[in-house]
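Working notes, structure below.
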Amino acid sequence: MIPITAEIRAMIDKAASSLTVGEDEYTDPADGLLHCRACGHPRQAVVEAPFLNRVIFPRCACPCEVEKRQRREEARIRQERLERIKRRRSQGLQARYLYDYTFANDSGENPAMDKIRAYVEGWQTARERNVGLLLFGDVGTGKSFAAGCIANALLEQDIPVLMTNFSTILNRLCHIINIYVIAKNLDCRFIIKINRCSSKSYKSGIGK
Ligand SMILES: [Zn+2]
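Now the structure itself:
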């Protein structure tokens, strides 16, 4: 901010008549500028506008306004993160019951869960080293629960996860291959996929 000379002070006082003073502001008689009632810092700056060739007094943020903006921005980022995690969870977990497969719901009876928890805690390193985790055991030994715990813990850290099974992957893969084979046999260059619909809506769609 440039020094306030008598000439500049006269300009400030003249400009003040067109200013709207907020409830949390006051005009300081010492410099004629708007100040914050909370922190006392100026909410107006005195700057030279090079292209206008004159001094102007634009509004500026006092420290408590800067802090308020930062808090709002942090809250916005937090909210966005929560919404992203919620969206990723609904996309990544194929069934609602998987939401309850969490370390918090672990009974603590399975000693292998300590290793699984350690894997999640060191996941960034495991990822960098391309280290996976193989869960095996008889039916009912908690493999799905353990996998769900990993999925939920990583999703909670804002990491995208898709929890699926081999039959779903194979079904989708077969579907893609089928379309590819049909297209290849017909020498198609472009594939249009139509979702299944009732014959009534299909017929009504043709006439339009
Ligand atoms: Zn303030």
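Position 35 of the sequence shown, counted from 1, bears residue number 48 in the numbering used here, the numbering being contiguous throughout. Glycine included, every Cβ here is placed at the ideal spot set by N, Cα and C.
Return the CA-CA distance between residue i and residue j, expressed in angstroms with no decimal places.
| i | j | result |
| --- | --- | --- |
| Asn-191 | Asn-123 | 43 Å |
| Ala-131 | Leu-186 | 33 Å |
| Thr-177 | Asp-127 | 23 Å |
| Cys-73 | Arg-102 | 42 Å |
| Ile-65 | Leu-47 | One point to set straight first is that residue 65 is Leu, not Ile, in the sequence displayed. Cα-Cα distance, rounded: 22 Å. |
| Thr-115 | Gln-57 | 53 Å |
| Pro-55 | Leu-146 | 59 Å |
| Thr-33 | Gln-92 | 33 Å |
| Cys-77 | Arg-142 | 45 Å |
| Ser-211 | Ile-195 | Any reading at Ser-211 must be qualified, since the residue scores a pLDDT of 46, below 50, and its modelled position is unreliable; the value itself is stated next. Taking the straight line from one Cα to the other gives about 23 Å. |
| Glu-189 | Glu-86 | Note on residue identity: the sequence assigns Ile, not Glu, to residue 189. Their Cα atoms are separated by approximately 43 Å. |
| Lys-221 | Leu-106 | With a pLDDT of only 33 at Lys-221, under 50, the local geometry of the prediction cannot be trusted, and no value is derived from it. |
| Arg-50 | Gly-35 | 10 Å |
| Lys-216 | Tyr-112 | Below a pLDDT of 50, predicted positions are generally treated as unreliable, and Lys-216, at 42, falls in that range; the measurement from the model is reported next regardless. The alpha-carbon atoms of Lys-216 and Tyr-112 are separated by roughly 41 Å. |
| Glu-38 | Asp-119 | 55 Å |
| Gly-150 | Lys-156 | 7 Å |
| Val-79 | Arg-89 | 15 Å |
| Asn-184 | Ala-117 | 33 Å |
| Cys-75 | Arg-82 | 11 Å |
| Val-133 | Phe-158 | 14 Å |
| Ser-30 | Ala-166 | 59 Å |
| Arg-22 | Pro-16 | 10 Å |
| Val-152 | Gln-137 | 30 Å |
Figure out for me which residue from the options has the closest Cα to the Cα of residue i.
| i | options | result |
| --- | --- | --- |
| Phe-70 | Arg-185, Asp-44, Asp-113 | Asp-44 |
| Gly-161 | Val-174, Asp-151, Glu-80 | Val-174 |
| Glu-232 | Ile-15, Leu-168, Ile-182, Arg-22 | Absent from the model: residue 232. The displayed extent of the chain is 14 to 221, so no value can be given. |
| Pro-42 | Ile-129, Val-68, Ile-25, Arg-89 | Ile-25 |
| Ala-164 | Lys-99, Gly-121, Leu-199 | Lys-99 |
| Met-14 | Val-59, Gly-155, Cys-52 | Val-59 |
| Gln-170 | Arg-22, Lys-197, Gly-135 | Gly-135 |
| Glu-20 | Val-68, Ile-129, Ala-62, Arg-82 | Val-68 |
| Thr-154 | Ile-172, Ala-125, Thr-138, Thr-181 | Ala-125 |
| Gln-104 | Lys-197, Asn-198, Ile-172 | Ile-172 |
| Thr-181 | Glu-61, Pro-63, Ala-108 | Ala-108 |
| Ala-148 | Ile-129, Ala-28, Ala-62 | Reading off the sequence, residue 148 comes out as Leu, not Ala. Nearest of Ile-129, Ala-28, Ala-62 to Leu-148, Cα basis: Ile-129. |
Going by the C-beta, is residue i closer than 6 Å to any heavy atom of ligand 2?
| i | result |
| --- | --- |
| Cys-73 | With respect to small molecules bound, the structure shown includes ligand 1 and not ligand 2. |
For residue i, which residues does DSSP report across the bridge?
| i | result |
| --- | --- |
| Tyr-39 | His-48 |
| Ala-62 | Arg-67 |
| Gln-57 | Arg-72 |
| Met-176 | Leu-106 |
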